[in-house]
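Colleague:
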Amino acid sequence: MGDHIVRGEDFVQKSEKKLSGWGLFGSKYEDAADLFEKAANAFKLGKSWDQAGAVYVKLADSHLKEIAELYEQEQNLEQAIVYYEKACDLFQSEEVTTSANQCKQKIAQFAAQLERYQKAVEIYEEIVRQSLNNNLLKYGVKGHLLNAGICQLCKSDVVAINNALERYEELDPTFSGTREYKLLADLAAAVDEEDVAKFTDAIKEFDSMTQLDAWKTTLLLRVKEALKAKELEEDDLT
């Protein structure tokens, strides 16, 4: 009986190792699900019903994330969000923080693409608060704060972005010395001054050293287009 439980625990470890790897849709979920099935069967043979039940919850987690990624591939962002949220809830209930955070990042990313900027901001800030106390996750904080700041810019509220920058400095005192902070501060100033050229220069300066990904570029282009529209509107009035 004890051997079955040891085997079950070994299968669980292997399954979680499969799931913890970051990546897009692939065979890792099928592999993890197969290992979870083996773990559950081993626990049942060992008559460890609680452990078998917990494994079936993990099995559901991996399938929910797989469904979310299928919707993502089809560009059905609404449904992808629904299933990433379900997967996230289950991962959190099982205290699988890394997998839960991966789901949250996807939810925030898609929320912003659908112009639900406040939702995206709140998720990124939540990830930051959780990551600051975790040595393994701490390295990603400045990236999450940059994402949150870009979503703030999309809301076209200068007061909100400046308040956010102050809040981010309080959350992580090292952030104010980063290039990510400088970019957000420069962009906020450009938005405040309604200066399209200054906005573009700030992006070029940052991008020359750290290339912005397609998601950030798309959102920043939205902000730039809004600035241009404002500039044209004012020209028409003069």
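The numbers in the UniProt record's numbering rise by one with no breaks, and the one at position 222 of the sequence shown is 222.
In this text, a Cβ means the ideal position worked out from N, Cα and C, and glycines have one as well.
Every value quoted in this text rests on a predicted model; they were computed, and no experiment measured them.
For E66, which three-state DSSP category applies?
Modeller: E66: helix per DSSP, three-state reduction.
Colleague: How long is the line joining the alpha carbons of V96 and Q109, rounded to whole angstroms?
Modeller: Answer to the nearest angstrom: the Cα atoms are 20 Å apart.
Colleague: With a CB to CB cut of under 8 Å and the five nearest residues on each side skipped, what residues in its chain are close to E231?
Modeller: Correct list, in chain order: E194 and V196.
Colleague: Please list, in chain order, all residues of the same chain as L187 whose beta carbon is under 7 Å from its beta carbon, the five residues on each side excluded.
Modeller: These residues qualify, in order along the chain: L153, F199 and A202.
Colleague: Would DSSP call S99 helix, strand or coil?
Modeller: Of the three classes helix, strand and coil, the one that applies to S99 here is helix, per DSSP.
Colleague: Are there 16 or more other CB atoms within 10 angstroms of the CB of Y83, so buried, or fewer, so exposed?
Modeller: That one is buried.
Colleague: Would you kindly work out how many angstroms separate the C-alpha atoms of E69 and L165, rounded to a whole number?
Modeller: Between E69 and L165, the C-alpha separation is close to 32 Å.
Colleague: With DSSP as the reference, label L145 as helix, strand or coil.
Modeller: Correct three-state label for L145: helix.
Colleague: Check whether the region 212-230 touches the region 173-181, counting contact only when three or more Cβ pairs, one atom from each stretch, lie closer than 8 Å.
Modeller: Contact between the region 212-230 and the region 173-181 is absent, because fewer than three Cβ pairs lie under 8 Å.
Colleague: According to DSSP, is D94 helix, strand or coil?
Modeller: The question names Asp, but residue 94 in the sequence shown is Glu. Note: E94 maps to coil in three-state DSSP.
Colleague: Among residues of its own chain, excluding the 5 on either side of L64, which ones have a beta-carbon nearer than 7 Å to its beta-carbon?
Modeller: So the list reads Y83, K86, A87 and L90, once near-sequence residues are dropped.
Colleague: Out of Y124, L114 and Y117, state which residue places its alpha-carbon closest to the alpha-carbon of Q102.
Modeller: Considering only alpha carbons, the answer is Y124.
Colleague: For W22 and G140, what's the separation of their Cα atoms in angstroms?
Modeller: With a pLDDT of 47 at W22, under the threshold of 50, the modelled position of that residue is not reliable, and the figure given next carries that caveat. Straight-line Cα distance between these residues: approximately 14 Å.
Colleague: Once you ignore the five residues that flank A100 on each side, which residues in its own chain have a CB closer than 6 Å to its CB?
Modeller: C88, F91 and Q92.
Colleague: Taking all protein chains shown into account, decide if S131 is buried (16 or more other Cβ within 10 angstroms of its Cβ) or exposed.
Modeller: The residue is buried, with at least 16 neighbouring Cβ atoms inside 10 Å.
Colleague: What did DSSP end up calling R129 once you bin it into helix, strand or coil?
Modeller: Correct three-state label for R129: helix.
Colleague: Assuming I81 and A111 form a contact by the criterion Cβ under 8 Å, report the distance between their Cβ atoms to the nearest whole angstrom.
Modeller: About 7 Å; that satisfies the 8 Å criterion.
Colleague: Where does R116 fall in DSSP's three states?
Modeller: The answer is coil: DSSP assigns R116 none of H, G, I, E or B.
Colleague: With DSSP collapsed to three states, give me the class of T218.
Modeller: It is helical.
Colleague: Pick out whichever of F175, S156, Y117 and E66 has its Cα sitting closest to the Cα of K138.
Modeller: Answer by Cα proximity: F175.
Colleague: Give the list of continuous alpha helix (DSSP H) stretches no shorter than 4 residues that lie fully inside the region 135-211.
Modeller: Those alpha helix (DSSP H) runs which fall completely within the region 135-211 and span 4+ residues are 141-154, 158-171, 179-193 and 196-207.
Colleague: According to DSSP, is D3 helix, strand or coil?
Modeller: Helix.
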